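The block underneath contains the structure these notes are about, expressed in structure tokens.
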Ligand SMILES: [Fe+2]
Ligand SMILES: [Fe+2]
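Numbering (our numbering), first residue to last: 6 to 421.
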């Protein structure tokens, strides 16, 4: 018996780290909070997160709570760590303190201001095969961004396959790891492949994994992630579980109006207004799709009015960068870039010819992530990075947002 207990004691630390997934999200201030989420297959595993700022001798303890993941036996746990120091590195472990080098995980909180450039990556349409997802996740790890914005069609589980979610979570935990074992927090939007039937799904039953795995600010599939006064990201739901028109459109206008003081402002969603494929069956091109028309009618006037840095689009499984657009026309003086088109690691499609695609500056079927480096002077470097880690497109933004038109003047912090 004593030998058995000794053996169990030896196995305990390994068992405690026997995760299906471990991932970081935010539902409050990213400078001072971090939500640690983990999934395992054990009903009695520890809820304790031991953490400390790197360099500190003092360990702190936070108790997680359990959450159900649809009707599966997967065991979800999470805890929001609070009162953290901005722009600081932390180490943590679940079930016990870190005792030797190589154990545990790290995270970094966001800065209070752009005293250093902030770097994030964005993509969507992630996993057709695990092998290709692993490869792109490793590219993201090597880019070592502050965080990643993932806007739908993540595991292609269609609201049903828990095994695909387990694969997706595991791949992120193993491969999207920055320098020194630092996990990269994610901001997660919804796409059609999170939802049974793809569109007009009921909340939460048609998208049970999305609504259980990811705790967004406010708990909805449309939400704002605000980073002090230097950055805001608005994520929207392109009719997967929330209609484009109505309360979501009203929220978008109010959210933009309330954020004129944010230096950089991004909008991200899954189905594109300026796509590269999926022409309607009745004829026409990608811009003629009913959902694209609705986005341009219900949402676009709001971000054109208040001014944004860029709009991130997905779903069409290509790479694309549009010309600067305003009022459904090319506008090189004050147009908005639409960057997409959702090809993180899925099979790609064909793009319109130069003659057909008047809105496209550049497009091709190529796996990629977008990388954004935001600087205090209001400039930004935007790059497209392919699955081999190669930068194949680059734009320098000279101003953080397009000029507002018919909206209150944008007040920027950080000297611009
Ligand atoms: Fe997709
Ligand atoms: Fe999609």
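Beta carbons: idealized from backbone N, C-alpha and C, even for Gly.
What you are looking at is a predicted structure, and each value in this text was computed from that prediction instead of being measured.
Whether residue i touches residue j by CB criterion (8 Å)
i	j	result
residue 112	residue 236	no
residue 328	residue 312	no
residue 259	residue 406	no
residue 61	residue 100	no
residue 330	residue 336	yes
residue 129	residue 347	yes
residue 268	residue 394	no
residue 181	residue 146	yes
residue 279	residue 292	yes
residue 371	residue 324	yes
residue 191	residue 155	yes
residue 55	residue 102	yes
Status (buried if at least 16 other CB within 10 Å, exposed otherwise) for residue i
i	result
residue 24	buried
residue 332	exposed
residue 120	exposed
residue 249	buried
residue 297	buried
residue 47	exposed
residue 410	exposed
Residues of its chain near residue i, where Cβ-Cβ distance is below 8 Å and the 5 sequence neighbours each way are ignored
i	result
residue 399	386, 387, 388, 389
residue 73	81, 217
residue 227	239, 240, 241, 242, 247, 253, 256, 257
residue 92	36, 113, 114, 115, 116, 117, 120, 121
residue 167	74, 75, 77, 79, 214
residue 63	57
residue 368	281, 323, 324, 325, 326, 346, 356, 357, 362
Simplified DSSP state of residue i, which is helix, strand or coil
i	result
residue 247	coil
residue 311	helix
residue 363	coil
residue 59	coil
residue 178	helix
residue 81	strand
residue 25	strand
residue 253	helix
residue 369	strand
residue 268	coil
residue 99	strand
residue 411	coil
residue 375	strand
residue 159	coil
residue 138	helix
residue 424	Residue 424 is absent from the structure shown; the chain starts at 6 and stops at 421.
residue 397	strand
residue 237	strand
residue 261	helix
Spatial neighbours of residue i in its chain, beta-carbon cut-off 6 Å, leaving aside the 5 residues before and after
i	result
residue 425	Within the shown structure, residues of the chain are numbered from 6 to 421, placing residue 425 beyond reach of any answer.
residue 417	Residue confidence for residue 417 is low, a pLDDT of 43 falling below 50, so the modelled location carries little weight; the figure read from the coordinates is stated next. Cβ within range, chain order: 268.
residue 397	389, 391
residue 209	216
residue 124	150, 151, 378
residue 132	138, 160, 161, 173
residue 203	197
residue 274	241, 243
Residues of its chain near residue i, where Cβ-Cβ distance is below 7 Å and the 5 sequence neighbours each way are ignored
i	result
residue 135	172, 176
residue 122	378, 379, 380
residue 38	31, 85, 86, 87, 89
residue 290	284, 357, 361
Considering only heavy atoms of ligand 2, list every residue whose Cβ is less than 7 Å from one of them, following chain order. Cβ atoms closer than 7 Å to ligand 2 belong to 130, 157, 158, 196, 197, 198, 275, 276, 319, 320, 347.
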